[in-house]
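Take the sequence shown: its letter number 40 is residue 1145 in my numbering, and every next letter is one higher. Accompanying notes for the structure given below.
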Amino acid sequence: MERCSWATSDLMKKYHDEEWGKPLHDDQALFELLILETMQAGLSWSTILDKRENYREALDGFEPEKISHYDQKKIEELLSNSGIIRNKLKIASIIKNAVAFLKVKQEFSSFNQYIWSFVEGEPIVNHFNNFEKPPVKTELSSNLSKDMKKRGFSFVGPITCYAFMEAAGLVNDHSDNCSFK
């Protein structure tokens, strides 16, 4: 079985094989993935995946309705939680992004409808060999970033948006020789 060259550890192989690049349409799962991608900024994805269960527990199962009402007491609790990334700006962005997510859901009937409209409902399939690296950002991810920021999201720069698009299957960047293409 061939995999993309970046899937080397057991954790990354499991993520690659079971999640990465598979079209995701569930709002709750998309929100979780978005929050995890925003937490990754400046860190490795394996670090975030390793802390995923801690985030699920700390963030009430990634329930945007609950997160949007977090108060200072909850923020302090998160800042003292050694199982997650304890960065004040990132924790503040979790709450801000929950609020923005709920507004988008209300406007578009679902976050899924909103996010998939950027690729007209169909994954973009790119072609790379196993030695080529996909881009870290594109014009599309820049456009998504601008639109999300305009809607109140934070920590959603073009690179984070592209990683989110890859992870959620809006963009399929599995290498051409990957068994999971």
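Cβ atoms here follow ideal geometry from the backbone N, Cα and C, with glycine treated the same way.
Exercise. Which residues mark the beginning and the end of the alpha helix (DSSP H) in which D1132 is found?
Worked result: D1132 to Q1145
For this session: Report the three-state DSSP secondary structure of V1204 (helix, strand or coil).
Result: helix
Problem set entry | Those residues which DSSP pairs with N1277 across a bridge | V1230
Problem set entry | the region 1140-1151 / the region 1258-1272 touching (three or more Cβ pairs under 8 Å) | yes
Problem set entry | Reference H1130, options S1149, E1227 and F1236, closest by Cα | E1227
For this session: Alpha carbon to alpha carbon, how far is C1283 from E1182? Give it in angstroms, no decimals.
Result: 42 Å
Exercise. When DSSP labels each residue in this structure, what does C1283 get in the three-state scheme?
Worked result: coil
Problem set entry | Where the alpha helix (DSSP H) through L1245 begins and ends | E1244 to K1255
Exercise. Are the region 1240-1248 and the region 1208-1218 touching by the rule of at least three beta carbon pairs closer than 8 Å?
Worked result: no
For this session: Put E1182 into one of helix, strand or coil per three-state DSSP.
Result: helix
Exercise. Which residue's Cα is closest to the Cα of K1201: W1111, E1107 and V1261?
Worked result: V1261
For this session: Thinking F1285 and D1122 are a contact (beta carbons under 8 Å), I'd like their distance in whole angstroms, please.
Result: 6 Å
Exercise. If you draw a straight line from the alpha carbon of D1165 to that of I1199, how long is it in whole angstroms?
Worked result: 12 Å
Problem set entry | Burial state of S1280 (16 or more Cβ within 10 Å) | buried
For this session: With DSSP collapsed to three states, give me the class of M1106.
Result: coil
Problem set entry | Minimum C-alpha distance to I1190 - residue among D1132, N1231, N1159 and W1125 | N1159
Problem set entry | alpha helix (DSSP H) segment containing Y1175, residue limits | Y1175 -> no alpha helix (DSSP H), and no H or E assigned at all.
Exercise. In three-state terms, what does DSSP make of A1112?
Worked result: coil
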